[in-house]
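As structure tokens, the structure follows; a few thoughts come after it.
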Amino acid sequence: MFPRHLPEPPARRPPPPPAPVAAPAADASDVRDWLGRRYTVGPSARELTGLSRPALLLRILLAAAAVGVLQFGYGAAVPVLIAAHGWSPAQALVPFLVWALVQGSFAPVPRLLGARGPAGPGAAILLGTALCAAALYTVGHASDPLAAAAGYGLLGGAGAGLVYHSCADLVEGWFPDRHTVRLGAVGGAFALGPVPLLPALVLGLSPESLAAASTALALGVLALGAAGGIGQRGAPAHWWPPERDPRAAALRRSADPPAARDFSAGQAWASGRSLPALHTIVALSGAVGLFTLVALPALALGLGRDPTEVATVITAFALASGLGRLAASVVAERAGRRRTLAVLLAATALGQAGLAAAIQDGPLPLLVCLGLVVGVGTGSCYPLTRAITEGHFGAGRHGGPGRPADLPGLVHGSKAVGGLLGVGGAIALLSLLPAGSHAAGLAVSALLPASAAVLAARLRRPLPIRTLPHGVWTAGRRSAPM
Numbered sequence: 018m019f020p021r022h023l024p025e026p027p028a029r030r031p032p033p034p035p036a037p038v039a040a041p042a043a044d045a046s047d048v049r050d051w052l053g054r055r056y057t058v059g060p061s062a063r064e065l066t067g068l069s070r071p072a073l074l075l076r077i078l079l080a081a082a083a084v085g086v087l088q089f090g091y092g093a094a095v096p097v098l099i100a101a102h103g104w105s106p107a108q109a110l111v112p113f114l115v116w117a118l119v120q121g122s123f124a125p126v127p128r129l130l131g132a133r134g135p136a137g138p139g140a141a142i143l144l145g146t147a148l149c150a151a152a153l154y155t156v157g158h159a160s161d162p163l164a165a166a167a168g169y170g171l172l173g174g175a176g177a178g179l180v181y182h183s184c185a186d187l188v189e190g191w192f193p194d195r196h197t198v199r200l201g202a203v204g205g206a207f208a209l210g211p212v213p214l215l216p217a218l219v220l221g222l223s224p225e226s227l228a229a230a231s232t233a234l235a236l237g238v239l240a241l242g243a244a245g246g247i248g249q250r251g252a253p254a255h256w257w258p259p260e261r262d263p264r265a266a267a268l269r270r271s272a273d274p275p276a277a278r279d280f281s282a283g284q285a286w287a288s289g290r291s292l293p294a295l296h297t298i299v300a301l302s303g304a305v306g307l308f309t310l311v312a313l314p315a316l317a318l319g320l321g322r323d324p325t326e327v328a329t330v331i332t333a334f335a336l337a338s339g340l341g342r343l344a345a346s347v348v349a350e351r352a353g354r355r356r357t358l359a360v361l362l363a364a365t366a367l368g369q370a371g372l373a374a375a376i377q378d379g380p381l382p383l384l385v386c387l388g389l390v391v392g393v394g395t396g397s398c399y400p401l402t403r404a405i406t407e408g409h410f411g412a413g414r415h416g417g418p419g420r421p422a423d424l425p426g427l428v429h430g431s432k433a434v435g436g437l438l439g440v441g442g443a444i445a446l447l448s449l450l451p452a453g454s455h456a457a458g459l460a461v462s463a464l465l466p467a468s469a470a471v472l473a474a475r476l477r478r479p480l481p482i483r484t485l486p487h488g489v490w491t492a493g494r495r496s497a498p499m
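Shown next, in the form of structure tokens:
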């Protein structure tokens, strides 16, 4: 067949057998939903950490509850601090003003430490509780206002920020299927932790017992924080619990569908009015909540209210702030986060105006009801705005473009501005204005949640405009409802 002068062609070698295809691991698999979002399903939380998800959540809530006393207990202790250290009202409130500024500013720090340094969430919680314990010890023993501002404000604010936001990041990672409710649980634990102590702070704390009480409280915070933080570690990137199907969850009908993609910080700011509005809502709501927390006890006692009544109202405020975060998060999954937030902020404005009218001689049941309304509205703002931010701009866990900033954390960081407005306003009210105008100042503060309610009602989810460069999304005139 071939000419004799040509060599014989080499024999055709049989094709090599196909390489065996590795079977997917039984404990983990990567899937994508209909929008291309990535999920790593499994292994289970018990296989990764040795604890089930409910046990992990319990420890997280324990750590958050341990440090809540630094926010919700300070206002009740202000009259005793004034008597024990000989401070003016302004000097007594300056440490808490610094605390609010630092605690709010630390919102993105835990995630940065975990991404760029050796400090994971467990180490951050342990460090934060140690700083909180040092802050409580300082405010009970230091009579120098500058030392108290540095110890309680700087150390305590940094510690509370590390603990609270580390707990929020842990819940966000281990509970991606219902993170709105779980984030409400973290905020609820933060507010409910000090509730058993509030009556004792108002009724039983005296200038003579301040030092011993602060030492005992510092040791308790240190012990509870250690119990909640030792060994904690975050979930793997894109992790999803194996008992739930992420694709079915993505198709689930909900009042608030998840974000279609993850925005960078520049894309979020270029997308319209949503991100600035969320920052403003947190600042306004945080301002009225912190203002009420620190001004109401001193104002009520100055107007001649019985200490038992004051303790009841403040306890009701803190209790509603904790339970309200839980209830609002559950309701928001059905009714919608934006609508729930707008209604609660409007109710807060009415409740704040009612407190101003009834603070002097109103009946105690009315004061308690009004305190419950204001507590629910100001407390629920934090988990709802964080969930709205994730719903609008993503949480950076679905394999989208790199996000140089933690957008939900940055939005929550506007609480620092709220602290400046709220606690600074309380200092001005108690120190500069005559006693007869204090109730009027409380009424004026109702304008803050009213303005935040209007902004919340106008929030809109950004829509994709494919013709713009770099995939920037905008929320112009044609924007989808929340």
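Under the working numbering, the first residue of the sequence shown is numbered 18, with each subsequent residue one higher.
By construction, the Cβ of each residue, glycine as well, lies at the ideal position given by its N, Cα and C atoms.
By the beta-carbon neighbour count (other beta carbons within 10 angstroms, threshold 16), R351 is exposed. Just so you know, the alpha carbons of P216 and L310 end up roughly 14 Å apart.
Note that the C-beta distance between V440 and F308 is below 9 Å. The distance from the Cβ of S462 to that of G442 is about 7 Å, consistent with a contact at the 8 Å cut-off. Rounded to whole angstroms, the separation of the alpha carbons of L222 and V97 is 7 Å. With fewer than 16 other Cβ atoms inside 10 Å of its own Cβ, D378 counts as exposed.
By the criterion of at least three beta-carbon pairs nearer than 8 Å, the segment 171-187 is not in contact with the segment 58-69. Contact between G139 and I247 holds: their C-beta atoms lie close to 6 Å from each other, under 8 Å. In the structure shown, D423 adopts coil according to DSSP, grouped into three states. Under the DSSP assignment, S338 falls in the alpha helix (DSSP H) whose first and last residues are P324 to A352. In the pairwise beta carbon analysis, the segment 294-301 is classified as not touching the segment 98-105: fewer than three pairs are separated by under 8 Å.
Taking every protein chain shown into account, the CB of L163 has fewer than 16 other CB atoms within 10 angstroms, so this residue is exposed. Within the same chain, Cβ atoms closer than 6 Å to the Cβ of L381 are found at E326, the five residues on either side in sequence being excluded.
Judged by DSSP in its simplified three-state form, R356 adopts helix.
When rounded, the separation of the alpha-carbon atoms in L179 and A333 is 27 Å. Annotated three-state conformation of D47 is strand, per DSSP. The alpha-carbon of Y91 is positioned some 27 Å away from that of S468.
The beta-bridge partner set that DSSP reports for Y56 consists of V48.
Excluding the 5 residues flanking it on each side, L438 has same chain C-beta neighbours closer than 6 Å at A304, in chain order. DSSP places A254 in no alpha helix (DSSP H); its state is neither H nor E. In this structure V428 touches V299 by the C-beta definition: roughly 6 Å separates them, less than 8 Å.
Rounded to the nearest angstrom, the gap between the Cα atoms of G426 and D323 is 40 Å.
R128 sits in a helix when the DSSP states are folded into three classes.
Contact annotation, G392 with A337: C-beta distance approximately 3 Å; criterion of less than 8 Å satisfied. Judged by DSSP secondary structure, V471 falls within the alpha helix (DSSP H) whose first and last residues are L464 to A474.
Of all C-beta pairs linking the segment 147-161 to the segment 121-131, fewer than three are shorter than 8 Å, placing the two stretches out of contact.
Exposure of E260 is indicated by the presence of fewer than 16 other C-beta atoms within 10 angstroms of its C-beta. The beta carbon of P211 lies closer than 6 Å to those of G85, V86, F89 and G90 in the same chain, with the five residues before and after it left out. Closest in C-alpha terms to R49, from the list A315, A404 and D262, comes D262. Between L74 and A202 a beta carbon distance of about 7 Å is seen, short of the 8 Å cut, so the two are scored as contacting. In the DSSP assignment, F192 falls outside any alpha helix (DSSP H) and carries neither an H nor an E.
For G67, the number of other beta carbons within 10 angstroms of its own is below 16, and it is reported as exposed. When secondary structure is reduced to three states using DSSP, R70 falls in the helix class.
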